[in-house]
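> Structure below; questions to follow.
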Amino acid sequence: MSLTPITADALISRFDDFDAVIDARSEDEFAYDHLPGAVNWPTLNNIERIQIGTLYKQVNPFEARKRGAAIAARNIAAHIEREVIGKPKDWKPLAYCWRGGQRSGALSMVLGQIGFRVTLVEGGYKAFRAAMLRDVDRMVASLRFQVVCGPTGSGKTRLLQALSTQGAQVLDLEALANHRSSVLGAIPGVAQPSQKRFDTLIWDALRHIDPSKPVFVESESKKVGNLALPNSLVEAMRLSPCLNLQLPDSERVALLMEDYDHLVRDVDFLCDRLTVLIPLRGRAVVNAWMALARSGQLPQVVQDLLTQHYDPAYLQSMQRNFVQFNDSKIIVPNDHSKTAMADLSTQILQDI
Numbered sequence: 009m010s011l012t013p014i015t016a017d018a019l020i021s022r023f024d025d026f027d028a029v030i031d032a033r034s035e036d037e038f039a040y041d042h043l044p045g046a047v048n049w050p051t052l053n054n055i056e057r058i059q060i061g062t063l064y065k066q067v068n069p070f071e072a073r074k075r076g077a078a079i080a081a082r083n084i085a086a087h088i089e090r091e092v093i094g095k096p097k098d099w100k101p102l103a104y105c106w107r108g109g110q111r112s113g114a115l116s117m118v119l120g121q122i123g124f125r126v127t128l129v130e131g132g133y134k135a136f137r138a139a140m141l142r143d144v145d146r147m148v149a150s151l152r153f154q155v156v157c158g159p160t161g162s163g164k165t166r167l168l169q170a171l172s173t174q175g176a177q178v179l180d181l182e183a184l185a186n187h188r189s190s191v192l193g194a195i196p197g198v199a200q201p202s203q204k205r206f207d208t209l210i211w212d213a214l215r216h217i218d219p220s221k222p223v224f225v226e227s228e229s230k231k232v233g234n235l236a237l238p239n240s241l242v243e244a245m246r247l248s249p250c251l252n253l254q255l256p257d258s259e260r261v262a263l264l265m266e267d268y269d270h271l272v273r274d275v276d277f278l279c280d281r282l283t284v285l286i287p288l289r290g291r292a293v294v295n296a297w298m299a300l301a302r303s304g305q306l307p308q309v310v311q312d313l314l315t316q317h318y319d320p321a322y323l324q325s326m327q328r329n330f331v332q333f334n335d336s337k338i339i340v341p342n343d344h345s346k347t348a349m350a351d352l353s354t355q356i357l358q359d360i
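Numbering (our numbering) for the sequence shown: 9 to 360.
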């Protein structure tokens, strides 16, 4: 049998050494979060895990282990039939479960008996997550951020996408969070990941960044939608130099009408989201915006939201939190189009 344990801290630096990463937990545990690139081979599926847990508590651990072993053996056999028969002898999988115990241990033992070189994560997912969070802090400390600032609708996301297309290093936190980071930033039909999943996605993005080159990132607050950024990342961003992206109001309105077209198409959804602003702007103001929206005057609603709500709050936040904001370099694209953002990104990269 070829079975090798690895500590979570050692795995951080050796993560790409394996041919496969196998998560032996249930489907729901896997969906909540998992190691980057992992595949899910449940030793006990969602229903079976509940059944065995109930048996453990209501009868006794010995009976639960017997029944669990029978179910696990069948599931492991099915995984081998489906996934392993065609693997070569030098295939090197990494396996883990919640705490590196019975579920991944049973799977790893069978794979090891076959003759594969199996590596088992000591402490499982729980230990890996703790090591990963420490590694996020370590990586953040080694990076040089360029923070793209600018009021709502100035095209920060478009600029980041253009920079990425031209080979710059970009950390797109809104893309990782499935949210546009504002009251109206929820994307219909697209749920945000769990907090733990978001943390893992950030770690996976950071570990592919070259610390010798700058990293462009948007001037996010501490949260993107319902998800919190790592404290070390927030602090590093707030101490970093800024680029202040500016567009005329008319261009910002046009950009937002394009990027938030789902709100243009679904006025009822827009009005529902606007109710969140009642404690901040007052019922009379919000009701007036709703009336304008329902009468087809959406550009005016967007203009009012920018000048009366978003812009003052954004400026205060930037001046309060981003140390170098007042010394930021102002950058102005020709218009809000993706072509203009591509031209601007070219100029930015030439000036670095």
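Glycine included, every Cβ here is placed at the ideal spot set by N, Cα and C.
(1) What does the Cβ neighbour count give for V225, buried or exposed, with the cut at 16 atoms within 10 Å?
(2) So, at 7 angstroms on beta carbons, what are the nonlocal neighbours of R246 in its own chain, with the 5 sequence-adjacent residues on each side left out?
(3) Between which two residues does the alpha helix (DSSP H) harbouring P320 extend?
(4) With distances taken from CA atoms, which of E56, L151, T354 is nearest Q169?
(5) How about the stretch 340-360 and the stretch 154-174: do they share at least three Cβ pairs that are nearer than 8 angstroms?
(6) Residue range of the alpha helix (DSSP H) that K337 falls in?
(7) Check each candidate in L184, V310, L263, Q316 and name the one with the smallest Cα separation from L288.
(8) Straight-line CA distance for G94 to Q177?
(9) Does DSSP put P13 in a helix, a strand or coil?
(10) Is there at least one Cβ from chain B nearer than 8 angstroms to K337's Cβ?
(11) Put A194 into one of helix, strand or coil per three-state DSSP.
(12) Let's test the definition: count the other Cβ atoms within 10 Å of the Cβ of F153 and tell me whether it reaches 16, buried, or not, exposed.
(13) Give the C-beta separation of R281 and V191 to the nearest angstrom, bearing in mind that I take them to be a contact with Cβ-Cβ under 8 angstroms.
(14) Are there three or more Cβ pairs, one per stretch, closer than 8 angstroms when the stretch 209-222 is compared with the stretch 296-307?
(15) Is DSSP giving C279 helix, strand or coil here?
(16) Out of P238, G161, Q59, Y322, which has the shortest C-alpha to C-alpha gap to D143?
(17) Assign Q200 to one of three DSSP states: helix, strand, or coil.
(18) Apart from the five residues on each side of it in sequence, which residues of its chain come closer than 8 angstroms, Cβ to Cβ, to D257?
(19) Drop a sphere of 10 angstroms on the beta-carbon of V284, count the other beta-carbons inside from all chains shown, and report buried for 16 or more, exposed for fewer.
(20) From what residue to what residue does the alpha helix (DSSP H) around V284 run?
(21) Thinking K337 and L251 are a contact (beta carbons under 8 angstroms), I'd like their distance in whole angstroms, please.
(22) What's the C-alpha gap between M117 and H42?
(23) Would you kindly check if the distance between the Cβ of A183 and the Cβ of Q200 is under 8 angstroms?
Reading it off the structure:
(1) buried
(2) N329, F330, V331
(3) 319-329
(4) Ranking the options by Cα distance to Q169, first place goes to T354.
(5) yes
(6) No alpha helix (DSSP H) holds K337; the beta strand (DSSP E) holding it covers 337-339.
(7) Q316
(8) 38 angstroms
(9) Looking at P13 - three-state DSSP - the assignment turns out to be strand.
(10) Note that chain B does not occur in the displayed structure, where there is just one protein chain.
(11) strand
(12) Buried, because 16 or more other Cβ atoms sit within 10 Å of the Cβ of F153.
(13) 6 angstroms
(14) no
(15) In this structure, C279 counts as helix in the three-state DSSP scheme.
(16) Selected option, being the one with the closest Cα: P238.
(17) coil
(18) Cβ neighbours of D257 within its own chain (closer than 8 angstroms, five residues either side excluded): Q311, L314, T315.
(19) exposed
(20) Premise fails: V284 is in no alpha helix (DSSP H) and is neither H nor E.
(21) Between L251 and K337 the Cβ distance is about 6 angstroms, and since that is below 8 angstroms, they are a contact.
(22) If I take the Cα positions, the gap works out to 21 angstroms.
(23) Annotated as distal: Q200 and A183, with beta-carbon spacing of 8 angstroms or more.
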